[in-house]
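Written out below as structure tokens is the structure these notes cover.
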């Protein structure tokens, strides 16, 4: 059994654990894990050693004292190459820290490296990595995917023998999906709960930073530290940050659960249905009440609306990567147009190109009304659908992903559309900016199944309450 | 829209707002005299991955002032859009601008003739970087980019195609600049103002040609004059006007083709998801409105009614904020009619002659009212006053002291003037007899002699009176 991150921090604070020695062991282990599992695009050993020795000297009383943090590659860390998993940003060393990183370090956390992901977050299996990047492997079965896009983050949280918190990011499911495949807790907070300052954008109106960890209590701790208003991000909300960990272990009697009927339909594996129903029954056993509900708009229109909005925004976000100012750079023998085209053709992966093209099309004059603006309207309708359900329920439950982690061979046979369908459960809560949590619901045929709980805006505490019975001892 | 006039002109004016900082970051807006390229920058205005814009509310207030002064309806919310196009001067390859819902709409501005020029929209946007051509435009094999200007706040004012002549275009721009100055949102020394003009003639069936980036009123008039002639010649020689964008070469005095426009540009606008809508509340607008200064056209009317000065004088004085300020101060001490005449004619003449503008003017209202008080009390002659004005502008001094020390007070002693006249009559018998033979020239000669003798300090009217009395004796 591994220590909790919160226990490690306690040990560092009271002097019973030496952060320098501990960090040294952590660095050795991630080196070893990374060789086989490819969870880290960059390991920042020197920075980690310096942080540990500063912490030892300063005698930190921080809430994250000595806790190794891994940061998704799309979240910038000052002085550490941050690429968002893309070859086009190779060599880019940020001059500033993302707000979430700054807050973590201020509480004594030790940043150990940047975790692998689908290029710019474009994928559900972490196989769409940028050119020259390695694909992370499932910690339970390395022939299978970690899920994505925060694949490295979830994989490391599971595989590491040391206590750790991974900072992930979700646009359409990229926190809960890999958490489900890697058998860990992952929380995607309410949009605006955690600052996006320093997050390399995919779809700005959808992107959320959130914690992934083996223990629910460490997810709560991570969220408590990263959450809160930030003047540097105009979309960051001034919502009070509660002590989320205090919701873990709260009485479940009276918890009202809406079970999303559509998520148990044809496309969902029997094993997944079984495991999630077992989970729901377990909550019922603790005193919760459940009822089956329908979310027809979310299921029918979530995927198209998400892909239109996400790619529209992404196609403008990626425009700045053109071989000027930062990242890759080559000799400019021709005009700027030819140069930009060459750099982008050579350095962006297929899925990034596909999404840039989709998004550019969707916002062209002439089709803009039919796609981009219509998708925005659909999004509002989906929010309304959820909002009306939250008048009657505290949480909504569904599987996180309709199937268990597939093998790389199986993924290779998927069409892009089938690939997008992996997000069917997760895109709608993401579109609606609702907080959602992956709860490891148990193993089937040796592979993990995740159950997703969705709560109303700002009600993350309900997710911690519902996740508590599944907390690891 | 159907047109009937010979020429149709519409303008788009970009005026930089004189805020302390840039539109979306805390970098200084104003250039430092000794700054190096790319030093007045930060991750936001360089478009670094992960950076996010935060709106400068002062800039919004300034733009609202512009809307109020031009009678625009003000949008209840400020919404920014991304205008996407690839160009090396755009840090993000999109410009944060406004599209669907501009800040102000449906305003107008009237010309001296009373003609109303409609204002279609007033919106805010960020300035791109500046391109530096090391060996001049066209002669350089490479281009350098300086991002110091990147992100500066611009206010774009778009007119209806209501202008019919280059003169009207010039007057419009001049009037608008006057308003911006009065509103204290624009500073001619540190802010850029540029105009794009759309122009078409009846002969071509009103095919629209756009002339980009014209700086200054005179240049607007020159460019439009040139373009009208070019289009007319083209049409009369059997050629065809094509829809295109042209540049203005002020040195050569001609417009040149930049690119042809087969279709309207497609900028793929989306709402900028990094910025939330800013509410523009009625109380906020009211507060701004209450703080608005009296504008040129209001001053013009007041001067005529209150000070009884001519409409021409009132117009010229009111158009120039600094001149109006001086006039109002001086008119408290001396007759407004005298003040208006001297400020409008003499001060402006001397300033033009000495090539100085109001920012370089060293004298203040005290110098002017001292000088004009002496004129009003006939203690110095107008000729002396003119000379003093010329000297004052070069190097200011205390007017009273100077007049006393240098004995410039006018000769008001009738006896002394009579004495000088009789001396002159006696010394110039030839001229006296010519006068008696009816020569007006001879009389002027004699008066001139007396003026020389009294060193210009005697009133020519009194000399004439006394001289005539002496001659008729």
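Residue numbers (this note's numbering), protein chains in the order written: chain A, 8 to 480; chain B, 6 to 478.
Idealized CB from N, CA, C, for every residue including glycine.
The C-beta distance from residue 247(B) to residue 236(B) rounds to 11 Å, too long to meet the 8 Å contact threshold. Against chain A, a Cβ distance below 7 Å from residue 87(B) picks out 323. Under the 8 Å criterion on CB atoms, residue 110(A) is classed as non-interfacial with respect to chain B. Assignment of residue 457(A) by DSSP, reduced to helix, strand and coil, places it in the strand class.
In the three-state DSSP reduction, residue 200(B) falls in the strand class (E or B).
Proximity of residue 132(B) to chain A, defined by a Cβ-Cβ separation below 8 Å, is not satisfied.
Closer than 8 Å to the CB of residue 274(B) there is at least one CB belonging to chain A. For residue 308(A), the enclosing alpha helix (DSSP H) starts and ends at 303 to 324.
Under the DSSP assignment, residue 254(B) falls in the beta strand (DSSP E) whose first and last residues are 249 to 254. Nearest Cα to residue 88(B) within the set 115(B), 131(B), 249(B): 131(B). Counting only residues of its own chain and dropping the five nearest sequence neighbours on each side, residue 70(A) has a CB closer than 8 Å to the CB of 16, 114, 115, 228, 231, 232. Using beta-carbon distances, residue 98(B) counts as an interface residue toward chain A, with a partner under 8 Å. Sixteen is the threshold: since fewer than 16 other Cβ atoms of the shown chains lie within 10 Å of the Cβ of residue 310(B), the residue is exposed. Close to residue 91(B), with beta-carbon spacing below 8 Å, are these residues of chain A in chain order: 326, 329, 343, 344, 347.
The beta carbons of residue 173(A) and residue 322(A) sit about 28 Å from each other, so the pair does not count as a contact at 8 Å.
Annotation for residue 374(A): no beta strand (DSSP E) segment contains it, and DSSP assigns it neither H nor E. Two segments are said to touch when three or more pairs of C-beta atoms, one from each, lie closer than 8 Å; by this definition the stretch 271 to 290 of chain A touches the stretch 453 to 470 of chain A. In this structure, DSSP gives residue 185(A) a helical state, which the three-state scheme calls helix. For residue 77(A), the enclosing beta strand (DSSP E) begins and ends at 75 to 79.
Under the Cβ criterion of 8 Å, residue 207(A) is counted among the residues facing chain B. Per the DSSP secondary-structure output, residue 283(B) pairs in a beta bridge with 83(B). Secondary structure note for residue 21(B): its beta strand (DSSP E) is the uninterrupted segment 12 to 21. Secondary structure of residue 102(B) (DSSP, three-state): strand.
The DSSP-derived three-state label of residue 207(B) is helix. When C-alpha distances from residue 243(A) are compared across 56(A), 107(A), 406(A), the shortest belongs to 107(A).
Among the CB atoms of chain A, none fall inside 8 Å of the CB of residue 26(B). Residue-level contact check: residue 136(B) does not touch chain A, since none of the beta carbons of chain A fall below 8 Å from its beta carbon. DSSP places residue 21(A) in the uninterrupted alpha helix (DSSP H) bounded by 12 to 21.
For residue 397(A), no CB of chain B lies under 8 Å from its own CB, so it is not counted at the interface with that chain.
Three or more beta-carbon pairs drawn from the stretch 422 to 442 of chain A and the stretch 391 to 411 of chain A are found closer than 8 Å, and the two stretches are therefore classed as touching. Contact of residue 105(A) with chain B is assigned, a C-beta pair being separated by under 8 Å. Counting only runs of 4+ residues, the alpha helix (DSSP H) found wholly inside the stretch 261 to 293 of chain A occupies 277 to 292, in chain order. Under the DSSP definition of a beta bridge, residue 445(A) partners with 193(A), 459(A).
With a beta-carbon spacing of about 5 Å, residue 137(A) and residue 356(A) fall inside the 8 Å limit used to define contacts. Interface residue (Cβ-Cβ distance to chain B less than 8 Å): residue 240(A) is classified as such. Of 288(B), 339(B), 250(B), the smallest CA-CA separation from residue 312(B) is found for 339(B).
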